[in-house]
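There are 2 protein chains.
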Amino acid sequence: MQENKPELYTCLSPSLLSLYDVDKSIVVIIDVLRATSTIATALYNGAKSIIPVDSVAECIRIGKQIDSITAGERDGKVAEGLEHGNSPFEYPREFIEGRTLVLTTTNGTKLLHMALDRNAKGVITGSFPNLSAVCDYLLGQNQNVILGCAAWKNRVNIEDTLFAGAVIKRIGKHFSINCDSSQMALATYKEAKPDLYKFMKTKEASHYKRLTGFGLEKDIRYCLTEDGANIPVVYEDGKLIAG
Amino acid sequence: MQENKPELYTCLSPSLLSLYDVDKSIVVIIDVLRATSTIATALYNGAKSIIPVDSVAECIRIGKQIDSITAGERDGKVAEGLEHGNSPFEYPREFIEGRTLVLTTTNGTKLLHMALDRNAKGVITGSFPNLSAVCDYLLGQNQNVILGCAAWKNRVNIEDTLFAGAVIKRIGKHFSINCDSSQMALATYKEAKPDLYKFMKTKEASHYKRLTGFGLEKDIRYCLTEDGANIPVVYEDGKLIAG
Chain U
0 MQENKPELYT CLSPSLLSLY DVDKSIVVII DVLRATSTIA TALYNGAKSI IPVDSVAECI
60 RIGKQIDSIT AGERDGKVAE GLEHGNSPFE YPREFIEGRT LVLTTTNGTK LLHMALDRNA
120 KGVITGSFPN LSAVCDYLLG QNQNVILGCA AWKNRVNIED TLFAGAVIKR IGKHFSINCD
180 SSQMALATYK EAKPDLYKFM KTKEASHYKR LTGFGLEKDI RYCLTEDGAN IPVVYEDGKL
240 IAG
Chain B
0 MQENKPELYT CLSPSLLSLY DVDKSIVVII DVLRATSTIA TALYNGAKSI IPVDSVAECI
60 RIGKQIDSIT AGERDGKVAE GLEHGNSPFE YPREFIEGRT LVLTTTNGTK LLHMALDRNA
120 KGVITGSFPN LSAVCDYLLG QNQNVILGCA AWKNRVNIED TLFAGAVIKR IGKHFSINCD
180 SSQMALATYK EAKPDLYKFM KTKEASHYKR LTGFGLEKDI RYCLTEDGAN IPVVYEDGKL
240 IAG
């Protein structure tokens, strides 16, 4: 007998989000390199909240209004007018604890706002550093799930897909999955699982090449490692907080 | 030293086509179950040409104007007003040789027209039955390539992605591939390669389930088998012809 399980879908690009029933689902925003990994890390290290914004100008504007740290990069450098970058290593406990971070990202923030505009039942962020927490959260909710890959300017990317595959590998059996993208994500993750970093390198993943061009191998390794900042991250009232 | 190879991309859904430089590329229309497999088969068996149209009404209209066979299905049955269905087994040589087929398909035809609207340098169709011919054709052209998956109502599907992966496995080294979708297609194909049919069945691919619901296992097996109708299929002046 078919159990009445909630449904799970993987949306490989923001351009495809309109194909899914966002208003009946919890959407997991996945931007592995590096936005959602850095967000999990900052909150794990005690940040009060993180305000995701989509432009440097907005980041500066909010930074002037409230007591906060502004952060964001463009082309691998701290954006002009902001104080910090996108690396998870910039946010250790001694720096970030109790503080609010205003973070500008492009792909992840765009998808997050699209999910909100479509009245998602809930929005959380996911990354390898908080993989277990994401899985536990989703199991606890017993709702339909959309694993939303932020991608790169709408182009499908490997690392976000791998994270979707990792979630499905862990908790897929608790969901009804009638979604070829999810099966492909799982197949790709299974091939990559023995060494995600090596897989990214061997496959010459486009983002891997961009970031290693900036000398960020250490960031990539951290962002592909499970449970280094294992805390659920939930969007509430304009902010990402520890769930 | 980096060779000056042409570029190859995989576009997993018509919704993503705008992200690629269609006007600088040959686009391979991939609609494995079953449009492009049936097209290759009919041409291999001597059909004069195939006119792909996007609606039953258009199919009937053209069928009245020219000496032709009209074909198309909706929900697994021959559409009302048309003569034949979408199965490759309906088009043996003794039936189709020398004749024109007007075929209505949804996903494949839509993508084909999108590629034409964007001034593709060339448009061909691809399927496992003509895999080798597609690869040889692309190598001979020495142009940039977009492997265009027709998908299912814009949702990514496994079978079209597998065909993209099969092409990349065969001839990828002759192209510069800076495209994560291509790497994912290749990874998925590698996992599936020992038995594509079993992979589709095990993964409960959405289209596999739809078609087996109509009793079409034999069609699926044929459509996943390499080189059963090994002929290049090229779009020219409104028609698909043997290249």
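Listed in order, the protein sequences are those of chains U and B.
Heads up: the first sequence at position 117 corresponds to 116 in numbering that gives the first Met the number 0, and the numbers run straight through without jumps.
Heads up: the second sequence at position 138 corresponds to 137 in numbering that gives the first Met the number 0, and the numbers run straight through without jumps.
From the three backbone atoms N, C-alpha and C, an ideal C-beta is built for every residue, glycine too.
(request) For the beta strand (DSSP E) holding V26(B), just list the boundary residues, first then last. (result) The residue given as residue 26(B) occupies position 27 in the second sequence. Start and end: 24-29.
(request) Taking a Cβ distance cut-off of 8 Å, strictly less, list which residues of the segment 153-166 of chain B are near chain U, in chain order. (result) N153, R154, V155, N156, I157, T160
(request) For S12(B), name the three-state secondary structure that DSSP assigns. (result) The residue labelled residue 12(B) in the question sits at position 13 within the second sequence. Looking at S12(B) - three-state DSSP - the assignment turns out to be coil, as it is neither helix nor strand.
(message) Considering only the alpha carbon of each residue, which of G242(B), N229(B), P13(B), E6(B) lies closest to R117(B)?
(response) For the purposes of this step, residue 117(B) is taken as the residue at position 118 of the second sequence. Of the listed residues, the one whose Cα sits closest to R117(B) is P13(B).
(request) Name the residue from A34(U), L100(U), R73(U), L15(U) whose alpha carbon lies nearest to the alpha carbon of N153(U). (result) Stepping through the first sequence from its first residue, residue 153(U) is reached at position 154. Among A34(U), L100(U), R73(U), L15(U), the Cα nearest to that of N153(U) is on L15(U).
(request) State the Cα-Cα distance for the pair V26(B) and N3(U), rounded to the nearest angstrom. (result) Within the second sequence, numbered from 1, the residue matching residue 26(B) stands at position 27. Within the first sequence, numbered from 1, the residue matching residue 3(U) stands at position 4. Distance between the alpha carbons of V26(B) and N3(U): 42 Å.
(request) Using the Cα positions of G97(B) and S48(B), report the straight-line distance between them to the nearest angstrom. (result) The residue given as residue 97(B) occupies position 98 in the second sequence. The residue given as residue 48(B) occupies position 49 in the second sequence. One C-alpha to the other measures close to 8 Å.
(request) Taking only beta carbons into account, state which residues of the segment 10-23 of chain U come closer than 8 Å to chain D, listed in chain order. (result) Any reference to chain D falls outside this structure, whose protein chains are U and B.
(message) According to DSSP, simplified to helix, strand and coil, what is S48(U)?
(response) Locating residue 48(U) in the first sequence gives position 49, counting from the first residue. Three-state result, S48(U): strand.
(message) Between T187(B) and chain U, is any beta-carbon pair separated by less than 8 Å?
(response) Start at 1 with the first residue of the second sequence, and residue 187(B) comes out as number 188. It does; some Cβ of chain U falls within 8 Å.
(message) Which residues does DSSP list as the beta-bridge partners of I123(B)?
(response) The residue given as residue 123(B) occupies position 124 in the second sequence. Note: I123(B) sits in a beta bridge opposite V27(B), V233(B).
(message) Pull the bridge partners of C275(U) from the DSSP assignment, please.
(response) Outside the shown range of chain U (0 to 242) lies residue 275(U), about which nothing can therefore be said.
(request) Taking all protein chains shown into account, decide if N143(B) is buried (16 or more other Cβ within 10 angstroms of its Cβ) or exposed. (result) For the purposes of this step, residue 143(B) is identified with residue 144 of the second sequence, where counting begins at 1. Flag for N143(B) reads buried.
(request) Can you give me, in chain order, the residues of the segment 99-113 of chain U that have a beta carbon less than 8 Å from any beta carbon in chain B? (result) none
(message) Looking only at its chain, what residues have a beta carbon closer than 7 Å to the beta carbon of F162(B), apart from the 5 residues adjacent to it on each side?
(response) For the purposes of this step, residue 162(B) is taken as the residue at position 163 of the second sequence. So the list reads I29, V31, G125, S126, F127, once near-sequence residues are dropped.
(message) At the level of alpha carbons, what is the spacing between A34(U) and M199(U)?
(response) The residue given as residue 34(U) occupies position 35 in the first sequence. The residue given as residue 199(U) occupies position 200 in the first sequence. When rounded, the distance between both Cα atoms is 18 Å.
(message) Beta-carbon within less than 8 Å of A78(B)'s beta-carbon, same chain only, minus the 5 sequence neighbours each way: which residues are those?
(response) Position 79 of the second sequence, counted from the start, is the residue given in the question as residue 78(B). If we look at A78(B) and ignore the five residues flanking it on each side, its Cβ neighbours are V55, C58, G71, E72, T103.
(message) Using 8 Å as the threshold, is the C-beta distance between A165(B) and T40(B) below it?
(response) Walking along the second sequence from the start, residue 165(B) turns up at place 166. Walking along the second sequence from the start, residue 40(B) turns up at place 41. No.
(message) Check for me: the alpha helix (DSSP H) holding R60(U) runs from which residue to which?
(response) Taking the first sequence and counting its residues from 1, one reaches residue 60(U) at position 61. Where R60(U) is concerned, the enclosing alpha helix (DSSP H) stretches over 55-64.
(message) Distance cutoff 8 Å, beta carbons only. Does D252(B) sit that close to anything in chain U?
(response) Given that chain B is displayed from residue 0 to residue 242, the structure contains no residue 252(B) and the question cannot be resolved.
(request) Could you check if F174(U) is buried or exposed, using at least 16 other CB atoms within 10 Å of its CB as the buried criterion? (result) Within the first sequence, the letter at position 175 stands for residue 174(U). By the neighbour-count rule (16 or more Cβ atoms within 10 Å), F174(U) is buried.
(request) Measure the alpha-carbon distance for G252(U) versus I170(U) and round it to whole angstroms. (result) Since the displayed chain U opens at 0 and closes at 242, residue 252(U) lies outside it and no answer follows.
(message) So, with DSSP's three-state summary, where would you put M0(B)?
(response) Taking the first residue of the second sequence as position 1, residue 0(B) is located at position 1. The predicted position of M0(B) is uncertain, since its pLDDT is 47 and thus under 50; a value taken from the coordinates is nonetheless stated next. Coil, per DSSP.
(message) Can you look up E6(B) in the DSSP assignment and give me helix, strand or coil?
(response) As a first step, residue 6(B) is located in the second sequence; it is residue number 7 there, counting from the start. E6(B) falls in the strand class under three-state DSSP.
(message) According to DSSP, simplified to helix, strand and coil, what is D226(B)?
(response) The residue given as residue 226(B) occupies position 227 in the second sequence. Three-state result, D226(B): coil.
(message) Tell me the rounded alpha-carbon separation between K63(U) and G80(U).
(response) The count along the first sequence starts at 1 and reaches residue 63(U) at position 64. The count along the first sequence starts at 1 and reaches residue 80(U) at position 81. Their backbone Cα atoms lie some 11 Å apart in a straight line.
(request) Would you decide whether K202(B) is buried or exposed? Buried here means 16 or more other CB atoms lie within 10 Å of its CB. (result) Here residue 202(B) corresponds to residue number 203 of the second sequence, with the count starting at 1. The residue is buried, with at least 16 neighbouring Cβ atoms inside 10 Å.
(message) Can you check whether the C-beta of S175(B) is within less than 8 Å of a C-beta belonging to chain U?
(response) Taking the second sequence and counting its residues from 1, one reaches residue 175(B) at position 176. False, the Cβ-Cβ gap to chain U never drops below 8 Å.
(message) Restricting to Cα atoms, I'd like to know which of V122(U), Y136(U), G139(U) is closest to C148(U).
(response) For the purposes of this step, residue 148(U) is identified with residue 149 of the first sequence, where counting begins at 1. The shortest Cα separation from C148(U) among V122(U), Y136(U), G139(U) belongs to V122(U).
(message) The beta strand (DSSP E) that contains V101(B), what's its start and end?
(response) If you number the second sequence from 1, residue 101(B) lands on position 102. Residues 99-103.
(request) Compare the C-beta of D328(B) against all C-beta atoms of chain U and say whether one is closer than 8 Å. (result) Any question about residue 328(B) goes unanswered here, given that chain B covers just 0 to 242.
(message) Please classify G107(B) as buried or exposed, where buried requires at least 16 neighbouring CB atoms within 10 angstroms.
(response) For this step, residue 107(B) is matched to residue 108 along the second sequence. G107(B) comes out buried.
(message) Which same chain residues end up closer than 6 Å to I176(B) when comparing Cβ atoms and leaving out the 5 residues on each side of it in sequence?
(response) Locating residue 176(B) in the second sequence gives position 177, counting from the first residue. Closer than 6 Å at Cβ, skipping near neighbours: L7.
(message) What residue range does the alpha helix (DSSP H) around E190(U) cover?
(response) Mapped onto the first sequence, residue 190(U) falls at position 191. Residues 179-191.
(request) Return the residue from the list G75(B), C178(B), E93(B) that minimises the CA-CA distance to S86(B). (result) The sequence position of residue 86(B) within the second sequence is 87, counting from 1. Of the candidates G75(B), C178(B), E93(B), the one whose C-alpha sits nearest the C-alpha of S86(B) is G75(B).
(request) Using 10 angstroms around the beta-carbon of D236(U), count the other beta-carbons present and answer buried if the total reaches 16, otherwise exposed. (result) Along the first sequence, read from residue 1 onward, the residue named residue 236(U) stands at position 237. By the 10 Å Cβ count, D236(U) comes out exposed.
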